[in-house]
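Encoded as C-alpha coordinates, the structure appears first; notes follow it.
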Amino acid sequence: MTNNQTARIEWRDGAIPVSTQFDDPYFSNASGLEETRHVFLAGNDLPARLAGGFQVAELGFGTGLNMLALALIWQGPEPIRFTSFEAYPMTAPDIAKSLQSFDAAHAIAQPFLEAWAQGARSFRVGCVDVDVIIGDARDTLPAWDRHANAWFLDGFSPAKNPQLWGDALMAEVGRHTVQGGTFATYTAAGHVRQKLTAAGFDVTRVSGFGRKRHMSIGTKT
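For the sequence shown, numbering that gives the first Met the number 0 begins at 0 and goes up steadily by one.
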(Lines of atoms letter the chains of each structure in order from A and count residues from 1; the text may use other names and numbers.)
(Lines give C-alpha, C1' and ligand atoms only; values in the text may rest on other atoms or scores of the structure.)
Protein backbone atom coordinates (compact mmCIF):
# COMPACT_ATOMS: atom_id res chain seq x y z
CA MET A 1 0.00 0.00 0.00
CA THR A 2 2.96 2.34 0.44
CA ASN A 3 3.51 4.84 -2.35
CA ASN A 4 5.86 7.69 -3.17
CA GLN A 5 3.56 9.66 -5.42
CA THR A 6 3.27 13.42 -5.53
CA ALA A 7 -0.13 15.10 -5.42
CA ARG A 8 -1.62 15.95 -8.79
CA ILE A 9 -3.22 19.39 -8.68
CA GLU A 10 -5.48 21.52 -10.82
CA TRP A 11 -6.53 25.04 -9.85
CA ARG A 12 -10.07 26.30 -9.39
CA ASP A 13 -10.50 30.06 -9.81
CA GLY A 14 -6.71 30.29 -9.96
CA ALA A 15 -6.35 29.90 -6.19
CA ILE A 16 -8.04 26.75 -4.86
CA PRO A 17 -6.03 23.54 -5.33
CA VAL A 18 -8.10 20.51 -6.31
CA SER A 19 -6.74 16.97 -6.14
CA THR A 20 -7.20 15.21 -9.46
CA GLN A 21 -6.57 11.89 -7.69
CA PHE A 22 -9.68 12.40 -5.53
CA ASP A 23 -11.59 15.16 -7.39
CA ASP A 24 -11.83 17.16 -4.17
CA PRO A 25 -10.56 20.60 -3.11
CA TYR A 26 -7.95 20.93 -0.38
CA PHE A 27 -9.86 23.60 1.51
CA SER A 28 -13.15 25.45 1.67
CA ASN A 29 -14.12 27.65 -1.24
CA ALA A 30 -15.23 30.22 1.34
CA SER A 31 -12.32 30.47 3.77
CA GLY A 32 -9.97 27.58 4.35
CA LEU A 33 -8.29 29.17 7.36
CA GLU A 34 -11.57 30.01 9.08
CA GLU A 35 -12.76 26.47 8.39
CA THR A 36 -9.58 25.08 10.00
CA ARG A 37 -10.12 27.27 13.05
CA HIS A 38 -13.74 26.19 13.40
CA VAL A 39 -13.34 22.48 12.69
CA PHE A 40 -9.91 21.45 13.94
CA LEU A 41 -8.93 24.07 16.51
CA ALA A 42 -12.27 24.81 18.17
CA GLY A 43 -13.39 21.22 17.57
CA ASN A 44 -10.49 20.03 19.74
CA ASP A 45 -10.88 22.88 22.26
CA LEU A 46 -7.63 24.49 21.19
CA PRO A 47 -5.78 26.60 22.26
CA ALA A 48 -7.26 26.10 25.76
CA ARG A 49 -5.80 22.57 26.10
CA LEU A 50 -2.37 23.31 24.67
CA ALA A 51 0.72 22.93 26.85
CA GLY A 52 4.36 22.05 26.27
CA GLY A 53 4.71 18.56 24.84
CA PHE A 54 1.10 18.41 23.63
CA GLN A 55 0.85 16.07 20.62
CA VAL A 56 -1.43 16.87 17.70
CA ALA A 57 -1.73 14.26 14.94
CA GLU A 58 -3.37 14.57 11.55
CA LEU A 59 -4.53 12.43 8.68
CA GLY A 60 -4.00 14.41 5.48
CA PHE A 61 -1.29 17.12 5.54
CA GLY A 62 -2.25 18.72 2.24
CA THR A 63 -1.11 22.35 2.05
CA GLY A 64 0.03 22.45 5.69
CA LEU A 65 -2.68 25.00 6.45
CA ASN A 66 -3.86 23.19 9.59
CA MET A 67 -0.30 23.03 10.90
CA LEU A 68 0.19 26.74 10.30
CA ALA A 69 -3.13 27.56 11.99
CA LEU A 70 -1.91 25.62 15.02
CA ALA A 71 1.42 27.47 15.01
CA LEU A 72 -0.46 30.78 14.98
CA ILE A 73 -2.18 30.00 18.29
CA TRP A 74 0.80 28.55 20.21
CA GLN A 75 3.64 30.86 21.17
CA GLY A 76 5.32 28.65 23.79
CA PRO A 77 7.21 28.82 26.07
CA GLU A 78 7.68 25.08 25.41
CA PRO A 79 7.16 23.51 21.98
CA ILE A 80 4.24 21.29 21.04
CA ARG A 81 4.41 18.46 18.49
CA PHE A 82 2.52 18.03 15.23
CA THR A 83 2.66 14.76 13.29
CA SER A 84 0.83 14.39 9.98
CA PHE A 85 0.35 11.36 7.74
CA GLU A 86 0.29 12.12 4.02
CA ALA A 87 0.25 9.74 1.07
CA TYR A 88 0.45 12.29 -1.76
CA PRO A 89 2.65 15.24 -0.74
CA MET A 90 2.20 18.48 -2.65
CA THR A 91 5.22 20.19 -4.20
CA ALA A 92 6.63 23.28 -2.50
CA PRO A 93 5.55 25.61 -5.36
CA ASP A 94 1.97 24.28 -5.19
CA ILE A 95 1.89 24.71 -1.41
CA ALA A 96 3.28 28.24 -1.67
CA LYS A 97 0.67 29.18 -4.27
CA SER A 98 -2.10 27.70 -2.10
CA LEU A 99 -1.05 29.63 1.00
CA GLN A 100 -1.06 32.99 -0.78
CA SER A 101 -4.81 33.10 -0.12
CA PHE A 102 -4.24 33.25 3.67
CA ASP A 103 -2.20 36.24 4.81
CA ALA A 104 -1.76 35.16 8.45
CA ALA A 105 -0.66 31.63 7.58
CA HIS A 106 1.53 32.74 4.69
CA ALA A 107 3.31 35.25 6.96
CA ILE A 108 4.80 32.44 9.09
CA ALA A 109 5.19 29.82 6.36
CA GLN A 110 8.67 30.62 5.03
CA PRO A 111 10.64 28.23 7.30
CA PHE A 112 8.20 25.46 6.37
CA LEU A 113 8.34 26.22 2.64
CA GLU A 114 12.14 26.36 2.62
CA ALA A 115 12.44 23.09 4.53
CA TRP A 116 9.85 21.40 2.30
CA ALA A 117 11.56 22.53 -0.90
CA GLN A 118 14.79 20.97 0.37
CA GLY A 119 13.05 17.65 1.00
CA ALA A 120 12.88 17.95 4.80
CA ARG A 121 9.81 16.38 6.37
CA SER A 122 10.79 17.23 9.96
CA PHE A 123 11.18 20.90 10.85
CA ARG A 124 10.03 23.59 13.28
CA VAL A 125 7.51 26.35 12.60
CA GLY A 126 7.36 28.85 15.45
CA CYS A 127 6.96 26.77 18.60
CA VAL A 128 5.69 23.66 16.80
CA ASP A 129 7.93 20.69 16.03
CA VAL A 130 6.56 19.12 12.86
CA ASP A 131 6.95 15.62 11.43
CA VAL A 132 5.23 14.69 8.17
CA ILE A 133 5.24 10.94 7.63
CA ILE A 134 4.96 10.14 3.93
CA GLY A 135 3.16 7.01 2.78
CA ASP A 136 -0.16 5.27 3.06
CA ALA A 137 -1.45 5.86 6.61
CA ARG A 138 -2.72 2.27 6.69
CA ASP A 139 0.97 1.31 6.72
CA THR A 140 2.55 4.19 8.59
CA LEU A 141 0.15 4.91 11.45
CA PRO A 142 0.30 1.38 12.95
CA ALA A 143 4.10 1.78 13.18
CA TRP A 144 3.94 5.22 14.86
CA ASP A 145 5.32 5.12 18.39
CA ARG A 146 3.48 8.12 19.85
CA HIS A 147 -0.05 8.91 21.09
CA ALA A 148 -2.01 12.03 20.23
CA ASN A 149 -3.78 14.39 22.56
CA ALA A 150 -5.80 15.69 19.61
CA TRP A 151 -6.46 14.49 16.06
CA PHE A 152 -7.23 16.49 12.93
CA LEU A 153 -9.01 14.00 10.64
CA ASP A 154 -8.70 15.85 7.35
CA GLY A 155 -8.59 13.32 4.55
CA PHE A 156 -10.51 13.96 1.37
CA SER A 157 -14.25 13.25 1.41
CA PRO A 158 -15.11 9.73 2.68
CA ALA A 159 -17.10 9.22 -0.51
CA LYS A 160 -14.04 9.96 -2.66
CA ASN A 161 -11.21 8.70 -0.42
CA PRO A 162 -12.77 5.80 1.53
CA GLN A 163 -9.42 4.16 2.34
CA LEU A 164 -8.55 6.97 4.76
CA TRP A 165 -11.79 6.39 6.70
CA GLY A 166 -11.77 2.59 6.93
CA ASP A 167 -12.49 0.54 10.05
CA ALA A 168 -8.89 -0.55 10.60
CA LEU A 169 -7.46 2.96 10.21
CA MET A 170 -10.05 4.52 12.53
CA ALA A 171 -9.20 1.79 15.05
CA GLU A 172 -5.55 2.84 14.78
CA VAL A 173 -6.54 6.45 15.43
CA GLY A 174 -8.22 5.28 18.62
CA ARG A 175 -5.24 3.13 19.58
CA HIS A 176 -2.90 6.11 19.13
CA THR A 177 -4.95 8.51 21.28
CA VAL A 178 -4.40 9.15 24.98
CA GLN A 179 -7.27 8.67 27.42
CA GLY A 180 -9.30 11.86 27.27
CA GLY A 181 -7.76 12.77 23.92
CA THR A 182 -9.96 14.14 21.17
CA PHE A 183 -10.59 14.20 17.45
CA ALA A 184 -12.36 16.64 15.15
CA THR A 185 -13.35 16.25 11.52
CA TYR A 186 -15.41 18.16 8.98
CA THR A 187 -17.42 15.07 8.06
CA ALA A 188 -20.61 13.98 9.78
CA ALA A 189 -21.02 10.79 7.72
CA GLY A 190 -22.78 8.19 9.82
CA HIS A 191 -20.42 5.34 8.92
CA VAL A 192 -17.40 7.44 9.98
CA ARG A 193 -19.01 8.29 13.32
CA GLN A 194 -19.80 4.60 13.84
CA LYS A 195 -16.19 3.59 13.16
CA LEU A 196 -14.85 6.21 15.57
CA THR A 197 -17.33 5.09 18.22
CA ALA A 198 -16.08 1.53 17.75
CA ALA A 199 -12.52 2.89 18.09
CA GLY A 200 -13.30 4.07 21.62
CA PHE A 201 -14.50 7.64 21.17
CA ASP A 202 -17.61 9.29 22.58
CA VAL A 203 -18.71 10.90 19.31
CA THR A 204 -20.90 13.99 18.92
CA ARG A 205 -22.32 15.68 15.83
CA VAL A 206 -22.04 19.48 16.08
CA SER A 207 -22.52 22.51 13.84
CA GLY A 208 -20.26 22.58 10.81
CA PHE A 209 -18.57 25.44 9.01
CA GLY A 210 -20.27 27.69 6.51
CA ARG A 211 -22.80 25.87 4.38
CA LYS A 212 -21.89 22.51 5.91
CA ARG A 213 -24.54 21.86 8.53
CA HIS A 214 -22.71 19.33 10.67
CA MET A 215 -19.25 18.01 11.61
CA SER A 216 -18.05 15.46 14.19
CA ILE A 217 -15.99 15.65 17.37
CA GLY A 218 -15.17 13.03 19.98
CA THR A 219 -13.32 12.20 23.17
CA LYS A 220 -11.45 8.95 23.90
CA THR A 221 -13.20 7.20 26.79
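For every residue, glycine included, the Cβ atom is placed at its ideal position computed from N, Cα and C.
Could you check if Gln99 is buried or exposed, using at least 16 other CB atoms within 10 Å of its CB as the buried criterion? exposed
Given a cut-off of 8 angstroms on the beta-carbon distance, is the pair Gly31 and Leu64 in contact? yes
Neighbour-count burial assignment, Gly42, 16 or more Cβ in a 10 Å radius: buried
So, at 6 angstroms on beta carbons, what are the nonlocal neighbours of Arg80 in its own chain, with the 5 sequence-adjacent residues on each side left out? Gln54, Asp128
What residue from Gly207, Val38, Met169 has the CA that sits closest to Phe200's CA? Met169
Delimiting residues of the alpha helix (DSSP H) encompassing Arg137: 136 to 139
Per DSSP, Ile94 is paired with what? Note: Ile94 sits in no beta bridge, so no partner.
Distance check for Gly217 and Ser18, CA to CA, integer angstroms please. 28 angstroms
Use the C-beta contact count for Thr203: other C-beta atoms within 10 angstroms, 16 or more gives buried, fewer gives exposed. exposed
Does the Cβ-Cβ distance between Trp164 and Val191 come in under 8 angstroms? yes
CA-to-CA distance, Ala197 to Gly180, given in whole angstroms: 15 angstroms
Since I believe Pro110 is in contact with Phe122 (beta carbons under 8 angstroms), could you give me their beta-carbon distance rounded to a whole number of angstroms? 7 angstroms
Determine which residues share a DSSP beta bridge with Met214 and list them. Val205
Range covered by the beta strand (DSSP E) that runs through Arg80: 79 to 85
Option in Ile94, Pro88, Leu40, Ala86 with minimal Cα separation from Leu71: Leu40
Would Glu113 pass as a contact of Phe84 if the rule is Cβ separation under 8 angstroms? no
Ser97 classed as buried or exposed, judged by whether at least 16 other C-beta atoms fall within 10 angstroms: buried
With a CB to CB cut of under 8 angstroms and the five nearest residues on each side skipped, what residues in its chain are close to Leu49? Ile72, Trp73, Ile79
How about the stretch 8 to 24 and the stretch 153 to 164: do they share at least three Cβ pairs that are nearer than 8 angstroms? yes
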